[in-house]
Amino acid sequence: MCYSLVLAVTWFGQEHRFYGLNWNYLTILGFLGNAVFSTRFLVQWIASEKKGKSVIPVSFWYWSIAGSIIMCAYWIMERSPVGILAYLPNSFIYMRNLHLIKKHTLAAAPSTQVPNKEI
Numbered sequence: 001m002c003y004s005l006v007l008a009v010t011w012f013g014q015e016h017r018f019y020g021l022n023w024n025y026l027t028i029l030g031f032l033g034n035a036v037f038s039t040r041f042l043v044q045w046i047a048s049e050k051k052g053k054s055v056i057p058v059s060f061w062y063w064s065i066a067g068s069i070i071m072c073a074y075w076i077m078e079r080s081p082v083g084i085l086a087y088l089p090n091s092f093i094y095m096r097n098l099h100l101i102k103k104h105t106l107a108a109a110p111s112t113q114v115p116n117k118e119i
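Each residue of the sequence shown is one higher than the one before, counting from 1 in this note's numbering.
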């Protein structure tokens with residue numbers, strides 16, 4: 001068991017060429033980040049089609065945060081300042097959108113408190 005784990009980790013960390021392209025753990029991480037980040041557009045499209053108008057569901061922002069964090073990690077490991085700066089601030093903006101949605105939802109919810117009536 002231990003030998004197969006060492007072999008898998010060793011193979012995973014090495015560069016492999018396929019169709020002239022390098023494939024390693026960073027490549028896989030980059031693809032994963034792109035897939036997660038792109039899922040947000042699929043979620044938004046499906047929600048808009050269901051409503052018949054353009055909408056942005058809350059899950060769009062969660063997919064955005066996850067994808068941005070993964071992509072930022074990828075660019076940090078690649079040591080690319082362009083990629084890092086492209087994805088680093090995004091999560092804060094997406095979290096702010098979630099905060100504003102929550103704030104608006106709480107403000108729009110009817111109060112469940114019974115008014116205090118004095119006799």
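All C-beta atoms, glycine included, are put in the ideal place defined by N, C-alpha and C.
So, with DSSP's three-state summary, where would you put residue 17?
The DSSP-derived three-state label of residue 17 is strand.
Just how far apart, CA to CA, sit residue 80 and residue 74?
Approximately 9 Å between the Cα atoms of the pair.
Is the segment 53-72 touching the segment 22-37 in the sense that three or more CB pairs, one from each, lie closer than 8 Å?
The segment 22-37 vs the segment 53-72: in contact.
Environment of residue 46 [buried if 16+ CB atoms lie within 10 Å]
Classification of residue 46: exposed, given that the 10 Å Cβ count is below 16.
Would residue 95 and residue 65 be called neighbours here (beta carbons separated by less than 9 Å)?
Contact check for residue 95 against residue 65 passes: the beta carbons are separated by less than 9 Å.
Checking the sheet assignment: what are the DSSP bridge partners for residue 23?
Answer is 16.
Given that a residue counts as buried once 16 or more other Cβ atoms are within 10 Å of its Cβ, and exposed if not, what is residue 121?
Residue numbering for the chain in the displayed model covers 1 to 119; residue 121 lies beyond these limits and cannot be assessed.
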